[in-house]
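All residue numbers for the sequence shown refer to the working numbering, where the first residue is 27 and numbers rise by one. Think of the CB as a built atom: it goes at the ideal place given N, C-alpha and C, for glycine as much as any other residue. Quick caveat, the model's predicted, so the values are computed rather than measured. The block underneath contains the structure these notes are about, expressed in structure tokens.
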Amino acid sequence: MPAQLIQSNSTPLKQVDVDPITLDIIENALRNARTEMDVTLFRTAMSPGIREQHDAFPMIANVDGKMVVGQFGSFLHGFKASYEGTIEEGDIIFTNDPYSVLGAVSHCNDWLLIKPIFKDGRLIAWGCHFGHMTDIGGKVPGSLPTDAKQIFEEGIQVPPVKLYRNGELNEELVKILTRNSRVPDWNRSDLMGIVAAVNVAERRCIELDKRFGDDVFHSAMEELLDRNKRAIGHLIKAMIPEEKRYFEDYVCDDGMGMGPYKLACSLHRDGDKAVFDFTGTDPQSIGSINFLLNPEMFKMFCGTFMIAVFDPQILFNDGFYDLMEVHIPEGTLLNPKRPAALSCRTHALGRIFDLMSALLGQGTPELMCAAGFYDSRHCMYSGYTKEGEWYQLYQIGFGGIPGKPAGDGPDGHSLWPAFTNVPNEYVESYFPLRIDYYETITDSGGAGLHRGGNALRCGYRFLEDGEISIHDDRWLTYPWGVNGGNPGMRSTKILVRTDGSEEILPSKCDGIKVKEGDLLYFDTWGGGGWGDPYKRPAEKVALDVDRGLVSVDGAKKNYGVVLKDDLSVDENATTALRDKLMKERGDVQLFNFGGTVEELKARCKEETGLEPPETPVFLNWFKKGGSQQAAE
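Structure, rendered in structure tokens:
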């Protein structure tokens with residue numbers, strides 16, 4: 027049965043007219059409250075993943091649970107659809123179990139707090155916030171085991187329960203949560219920081235409600251949602267045709283020697299609605315790369331993309347959700363059945379952005395971005411120091427941002443909104459390692475009229491014996507280019523031992539033993555290029571060479587630009603070379619994948635030193651109606 031809302035004042039809120047000035051004040055006050063929630067958490071948390079990297083996401087929602095300000099608008103839909111307890115003033119509800127809330131969070135490391143906001147005995151809003159915990163138990167430090175086959179191997183699971191009841195903290199629950207972590211102090215600090223953040227949302231909403239009145243505050247939220255719906259509705263009609271489009275992309279492997287895994291989606295418009303259908307996506311993996319994609323979360327991804335491309339001034343919220351339909355077949359990589367493992371879902375999550383860009387951009391290629399945001403690469407390093415103290419690093423790394431209609435993709439950057447890098451000085455101060463290299467990789471961005479961003483090389487020098495885990499992808503398939511642009515460079519990881527021997531590491535691995543003095547070169551991906559590289563102004567190419575972003579040979583080979591010894595452009599030689607290269611190439615293609623999956627697998631070992639993944643034998647079994655247990 028559904029959750030029971032308990033409130034002493036059940037008088038219905040009324041919809042009233044809100045003048046534009048009042049609406050503007052409330053909108054910006056809510057935006058500021060969302061920012062204050064983040065700042066409160068970042069100044070309170072202890073883990074570098076939240077404190078420095080900002081891997082946490084707040085939101086403020088209306089009484090119906092629709093996000094008005096925030097970033098991830100899928101929390102409350104899944105929670106309200108599955109929670110069977112009571113909702114009372116003074117409650118703060120905790121969960122980290124994706125299956126209990128329909129994917130409102132997508133792996134157990136994400137701890138979500140939900141606070142109903144009451145005023146005078148009546149629900150007026152919701153405040154929510156989640157953050158990624160560095161460790162929640164499980165079989166490996168970091169709680170993201172590559173070879174997990176069930177969610178039980180990934181750490182503690184907690185369905186929605188009350189962390190606070192009538193304002194009183196459930197200390198026993200906190201003890202259970204922290205007892206199941208290798209870094210309990212971090213988890214408690216981060217958890218209490220999230221509590222402080224949702225309390226900020228409560229204070230600010232009550233202040234606004236008192237200032238303007240219940241009905242005006244409620245109506246302003248409704249108008250902000252309706253305004254977003256009107257704007258997105260216009261964009262859907264303008265950019266999504268009625269005829270069906272289709273695109274597919276791949277997660278390269280599952281870390282257990284199998285892959286690639288296909289993500290497939292079709293898109294068309296049915297009247298005023300955009301319809302997304304993921305039929306054709308491969309069955310769920312036996313490993314942990316499954317991504318429980320909440321349909322509301324996918325709608326959020328689409329809305330964010332459309333607003334960023336067409337009108338960044340639009341306040342992003344949940345108002346448009348009923349203008350989209352999303353079908354994700356059960357038992358697939360994007361809608362796995364419990365107890366499928368989920369911890370390493372980041373690869374599929376990131377790939378959704380590339381898939382979405384290609385789908386939405388096919389009708390308007392001039393507005394389409396290349397591929398590049400395929401992942402948030404993870405590097406984890408843990409062990410005991412010589413003094414016997416436990417250390418544990420969890421770090422997200424960045425890569426090349428894809429070329430875009432408005433210009434080049436940034437180098438060594440993150441596409442996650444508001445994400446920042448953990449400063450090298452911070453890492454070196456708190457962990458037994460030294461960052462020997464931190465630089466972009468020349469020629470790694472896909473060539474194009476607008477260059478794809480260059481990949482990032484991070485060289486970790488380990489100062490203590492320990493073990494590392496690596497989570498990465500796009501080592502087999504390329505970040506593709508569009509409108510004639512070339513693909514970006516693929517990722518590689520090389521471990522150099524103190525004796526000078528080198529080992530190429532797979533993109534997904536746990537428990538790699540390292541010794542003091544070993545050096546890990548973690549090279550990420552380059553962004554795909556946008557547009558014909560032979561039309562990029564030669565002066566820009568020369569400037570890229572001068573800045574070390576493109577080599578002299580790369581300028582000639584990839585852009586047809588011939589440079590003199592002083593790096594000035596040889597105009598005559600460049601014109602002649604570009605004419606020759608364009609004739610040899612022929613017409614530009616909408617997508618440049620660098621080859622088919624079969625071709626990439628065939629030359630995989632020669633180019634990467636790694637064995638190509640095998641096609642999972644259970645895929646055909648699933649398609650014939652078999653079960654995962656039988657496949658295993």
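| task | On the DSSP bridge assignment, give the partners of Gln418 in chain order. | result | Counting from 1 along the sequence shown, the entry for residue 418 is found at position 392. Paired residue(s): Ser408.
| said: Measuring straight from C-alpha to C-alpha, what distance separates Arg208 and Tyr417? | reply: For the purposes of this step, residue 208 is taken as the residue at position 182 of the sequence shown. For the purposes of this step, residue 417 is taken as the residue at position 391 of the sequence shown. Computed Cα separation, rounded: 9 Å.
| task | Note down the Cα distance separating Gly621 from Ala602, rounded to an integer number of angstroms. | result | Residue 621 sits at position 595 when you count from the first residue of the sequence shown. Residue 602 sits at position 576 when you count from the first residue of the sequence shown. Straight-line Cα distance between these residues: approximately 28 Å.
| task | Please report how far the alpha carbon of Leu318 lies from the alpha carbon of Gly492, in whole angstroms. | result | Numbered from 1 along the sequence shown, position 292 holds the residue referred to as residue 318. Numbered from 1 along the sequence shown, position 466 holds the residue referred to as residue 492. For Leu318 and Gly492, the distance between alpha carbons rounds to 32 Å.
| said: Could you tell me the alpha carbon to alpha carbon distance between Tyr407 and Leu170, rounded to whole angstroms? | reply: What you label residue 407 is simply residue 381 of the sequence shown in a count that begins at 1. What you label residue 170 is simply residue 144 of the sequence shown in a count that begins at 1. Roughly 13 Å separates the two Cα atoms.
| Unbroken alpha helix (DSSP H) run spanning Ala473, endpoints | Residue numbering aside, residue 473 sits at position 447 when the sequence shown is read from its first letter. Neither: Ala473 is in no alpha helix (DSSP H) and is coded neither H nor E.
| task | Starting from the C-beta of Val95, find all residues in its chain whose C-beta is less than 6 Å away, skip the five residues before and the five after it, and write them out in chain order. | result | Within the sequence shown, residue 95 is the residue found at index 69, counting from 1. Here the set comprises Leu56, Arg57, Arg60, Ile86.
| Based on the DSSP secondary-structure assignment, which residues constitute the bridge partners of Lys212? | If you number the sequence shown from 1, residue 212 lands on position 186. The sequence given here places Trp at residue 212; Lys does not occur at that position. Answer is none; Trp212 lacks a bridge partner.
| field | Inter-residue Cα distance where the pair is Met675 and Arg604 | value | As shown, the chain starts at 27 and ends at 658. That puts residue 675 outside it, with no answer to give.
| Closest Cα partner of Gly157 within the set Glu529, Thr330, Trp137 | In the sequence shown, residue 157 corresponds to position 131, counting from 1. Considering only alpha carbons, the answer is Trp137.
| query | Looking at Leu381 and Glu274, is the spacing between their C-beta atoms short of 9 Å? | reply | Start at 1 with the first residue of the sequence shown, and residue 274 comes out as number 248. Start at 1 with the first residue of the sequence shown, and residue 381 comes out as number 355. Contact flag set, yes.
| said: Tell me the residue span of the alpha helix (DSSP H) that contains Asp64. | reply: Here residue 64 is taken as the residue at index 38 of the sequence shown, counted from 1. Its alpha helix (DSSP H) spans residues 46-68.
| task | Using the Cα positions of Ser34 and Glu114, report the straight-line distance between them to the nearest angstrom. | result | Along the sequence shown, one-based indexing puts residue 34 at 8. Along the sequence shown, one-based indexing puts residue 114 at 88. Ser34 and Glu114: Cα-Cα distance of roughly 10 Å.
| query | How many Å lie between Gln97 and Met159 at the Cα? | reply | Against the sequence shown, residue 97 aligns to sequence position 71. Against the sequence shown, residue 159 aligns to sequence position 133. Rounded to the nearest angstrom, the two C-alpha atoms are 18 Å apart.
| task | Taking only the alpha-carbon atoms, compute the straight-line gap between Gln654 and Asp235 and give it to the nearest angstrom. | result | For this step, residue 654 is matched to residue 628 along the sequence shown. For this step, residue 235 is matched to residue 209 along the sequence shown. Because Gln654 sits at a pLDDT of 46, beneath the cut-off of 50, its placement in the model cannot be relied upon, and the point is left open.
| query | Grouping DSSP H, G and I as helix and E and B as strand, with all else coil, what is Asp437? | reply | Taking the sequence shown and counting its residues from 1, one reaches residue 437 at position 411. In this structure, Asp437 counts as coil in the three-state DSSP scheme.
| When the Cβ atoms of the region 123-140 are set against those of the region 366-377, are three or more pairs found closer than 8 Å? | yes
| Out of curiosity, what's the CA-to-CA distance linking Lys325 and Leu459? | As a working note, residue 325 is residue 299 in the sequence shown. As a working note, residue 459 is residue 433 in the sequence shown. Approximately 41 Å between the Cα atoms of the pair.
| Would you report the Cα separation of Gly329 and Thr550, rounded to the nearest angstrom? | Indexing the sequence shown from 1 puts residue 329 at position 303. Indexing the sequence shown from 1 puts residue 550 at position 524. If I take the Cα positions, the gap works out to 28 Å.
| Can you tell me where the beta strand (DSSP E) with Tyr585 in it begins and where it stops? | For the purposes of this step, residue 585 is taken as the residue at position 559 of the sequence shown. From DSSP, Tyr585 is part of no beta strand (DSSP E) but of the alpha helix (DSSP H) over 578-585.
| field | Per-residue DSSP class, three states only, for Gly652 | value | Walking along the sequence shown from the start, residue 652 turns up at place 626. Confidence at Gly652 is low in this model, with a pLDDT of 49, below 50, so its placement is unreliable and no value can be given for it.
| field | the region 215-234 / the region 165-179 touching (three or more Cβ pairs under 8 Å) | value | no
| message | Could you tell me the alpha carbon to alpha carbon distance between Ala657 and Arg69, rounded to whole angstroms? | response | The count along the sequence shown starts at 1 and reaches residue 657 at position 631. The count along the sequence shown starts at 1 and reaches residue 69 at position 43. Per-residue confidence for Ala657 stands at a pLDDT of 45, beneath the threshold of 50, marking its modelled position as unreliable; no derived number is given.
| query | Going by the CB atoms, is the gap between Phe445 and Ile422 shorter than 9 Å? | reply | The sequence position of residue 422 within the sequence shown is 396, counting from 1. The sequence position of residue 445 within the sequence shown is 419, counting from 1. Cβ atoms of Ile422 and Phe445: closer than 9 Å.
| query | In chain order, what residues of the same chain have a beta carbon less than 7 Å from the beta carbon of Ser215, not counting five sequence neighbours either side? | reply | Within the sequence shown, the letter at position 189 stands for residue 215. Thr70, Ala71, Met72, listed in sequence order.
| query | For the beta strand (DSSP E) that contains Met85, what are its first and last residues? | reply | One-based indexing of the sequence shown puts residue 85 at position 59. Its beta strand (DSSP E) spans residues 82-87.
| What's the gap between the Cα of Leu203 and the Cα of Lys165? | The residue you call residue 203 lines up with position 177 of the sequence shown. The residue you call residue 165 lines up with position 139 of the sequence shown. Straight-line Cα distance between these residues: approximately 16 Å.
| request: With a threshold of 16 other CB atoms inside 10 Å of the CB of Ser455, please say whether the residue is buried or exposed. | output: Mapped onto the sequence shown, residue 455 falls at position 429. Exposed is the call here.
| field | Distance between Gly153 and Gly193 (C-alpha atoms, nearest Å) | value | Along the sequence shown, read from residue 1 onward, the residue named residue 193 stands at position 167. Along the sequence shown, read from residue 1 onward, the residue named residue 153 stands at position 127. One C-alpha to the other measures close to 15 Å.
| If you draw a straight line from the alpha carbon of Asp434 to that of Ala581, how long is it in whole angstroms? | On the sequence shown, position 408 is the one that residue 434 refers to. On the sequence shown, position 555 is the one that residue 581 refers to. Cα to Cα, the separation comes out at about 16 Å.
| task | Answer yes if the region 527-546 comes into contact with the region 559-574, meaning at least three C-beta pairs across the two stretches below 8 Å, and no otherwise. | result | no
| Simplified DSSP assignment, three categories, for Asn618 | Against the sequence shown, residue 618 aligns to sequence position 592. DSSP places Asn618 in strand when its eight states are reduced to three.
| message | Whether or not the region 543-558 and the region 510-521 are in contact is what I'm after, with contact meaning three or more pairs of Cβ atoms, one per stretch, closer than 8 Å; do they touch? | response | yes
| query | So does the region 299-313 actually touch the region 275-286, counting three or more Cβ pairs closer than 8 Å? | reply | yes
| message | Using 8 Å as the cut-off, can you tell me whether the region 37-53 makes contact with the region 234-252, which would need three or more C-beta pairs spanning the two stretches below that distance? | response | yes
| Which of helix, strand or coil DSSP assigns to His133 | Your numbering for residue 133 matches position 107 in the sequence shown. Coil, per DSSP.
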